[in-house]
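Participant:
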Amino acid sequence: MSDLTGLRDDVYRRPLATALERLGLGPGWRCLDVGAGGGDVSVALAEMVGHEGRVYAVDSDPLARDEVARTAAAHTQVIALTQAGEDLILPEQVDLAFCRFLLLHVRDPAVVVRRMAAVVRPGGWVVAQEPITSAGRVAGMPLSMPDARHPDIGALLPSLVREAGLDVIDAWAEAPAGVGEGPVARYLESLTGVDPEEDPVVLPPLVTVIGRRPSAGSEAASQ
Ligand SMILES: C[S@@+](CC[C@H](N)C(=O)[O-])C[C@H]1O[C@@H](n2cnc3c(N)ncnc32)[C@H](O)[C@@H]1O
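Its first residue numbered 8, the sequence shown is counted upward by one per residue in this note's numbering.
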């Protein structure tokens, strides 16, 4: 299992670790984390790519840049940028463009996935992890997220990735579940403000899609 120490308490850590392990992410990789938020995933990526690598932590909220700067203070390979995913421009191509819990909030998820695909080098990777909120359950009842523009975007993720011109290498859904006191109940309470107490909880399944940009030779051959 990859050493994602920065994500120890994250209930969605397992699909992230599985995806990164699958890619063979390691020293020297250049990565992009779009919708980086507080920067937890950016820091975990930075630890894996080391000081020869680079992690662009991009978020449209200017406050996120300060937060990432604090979270990543010890990691000079993390570069925090204020940009919307729809307008993504980087100074170099990256080996991996990543997003998690981002596309459910953006105006046009297809545009953002296309921008992510465009900043990846030929042969590089796009990994997106997005929820199917209504497939989550508390006491058997579906969850909702009224503030999100596309709460069930995970259900469309494989086609979004393919329509961006990427090969879909793998795709799966994974949902943390539990009952009573524990990380699943705490996570749900942080999302909804409601403690599920002894009700059984299935958190929204997170759909992971691993996409790969065709290598330069195969792009030219298919034209
Ligand atoms: C729920 S947080 C996800 C944080 C982090 N990716 C994680 O998995 O813990 C969503 C983040 O996406 C950012 N965001 C929303 N719309 C965006 C956009 N169009 N472009 C870039 N970031 C955006 C928000 O400011 C917020 O920080």
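Backbone N, C-alpha and C define an ideal beta-carbon position, used for all residues, glycine too.
Computed from a predicted model, the values in this text were never measured in an experiment.
1) Sorted by chain position, which residues of the same chain lie with C-beta nearer than 7 Å to Gly44's C-beta, five sequence neighbours on each side aside?
2) At which residues does the alpha helix (DSSP H) containing Pro69 begin and terminate?
3) Decide if Arg156 is buried, meaning its Cβ has at least 16 other Cβ atoms within 10 Å, or exposed.
4) Going along the chain, which residues of its own chain have a beta-carbon closer than 8 Å to the beta-carbon of Thr78, five neighbours each way excluded?
5) Alpha carbon to alpha carbon, how far is Val18 from Gly143? Give it in angstroms, no decimals.
6) Is Asp154 near ligand 1 - that is, is its Cβ less than 8 Å away from at least one heavy atom of it?
7) Alpha helix (DSSP H) containing Met20: first to last residue?
8) Measuring alpha carbon to alpha carbon, tell me which residue in Met123, Leu97, Glu137 and Ala104 is nearest His112.
9) Should Gly57 be labelled buried (16 or more other beta-carbon atoms within 10 Å of its own) or exposed?
10) When you measure from the CB of Arg114 to every non-hydrogen atom of ligand 2, does any distance come out below 8 Å?
11) Around the C-beta of Gly131, are 16 or more other C-beta atoms found within 10 angstroms, so that it is buried, or is it exposed?
12) Quick check on the burial criterion: 16 or more other C-beta atoms within 10 angstroms. Buried or exposed for Ala146?
13) What three-state label does DSSP hand Thr89 in the structure shown?
14) So, helix, strand or coil for Pro149, using DSSP?
15) Taking the alpha carbon of Ile139 as the reference point, which residue from Gly224, Leu150 and Gly161 has its own alpha carbon closest?
16) Return yes when the C-beta of Gly42 is under 8 Å from any heavy atom of ligand 1, and no when it is not.
Facilitator: Looking at the coordinates:
1) The answer, listed in chain order, is Asp66 and Ala71.
2) Element bounds for Pro69: Pro69 to Thr78.
3) Under this definition Arg156 is an exposed residue.
4) Contacts found: Gly45, Gly46, Asp47, Ser49 and Val50.
5) A direct Cα-to-Cα measurement between Gly143 and Val18 gives close to 14 Å.
6) No, since every heavy atom of ligand 1 falls outside the 8 Å radius drawn around the Cβ of Asp154.
7) The amino acid at residue 20 is misidentified as Met; the sequence shows Arg. Its alpha helix (DSSP H) spans residues Arg20 to Leu30.
8) For the set Met123, Leu97, Glu137 and Ala104, the Cα lying nearest the Cα of His112 is the one of Glu137.
9) Burial call: exposed.
10) With respect to ligand 2, the structure shown offers nothing to examine, as its ligands consist of ligand 1.
11) So Gly131 ends up on the buried side.
12) So Ala146 counts as exposed.
13) Secondary structure at Thr89: strand, using DSSP grouped into helix, strand and coil.
14) Of the three classes helix, strand and coil, the one that applies to Pro149 here is strand, per DSSP.
15) Residue Gly161 is the option with its Cα nearest to Ile139.
16) Distances between the C-beta of Gly42 and the heavy atoms of ligand 1 include at least one below 8 Å.
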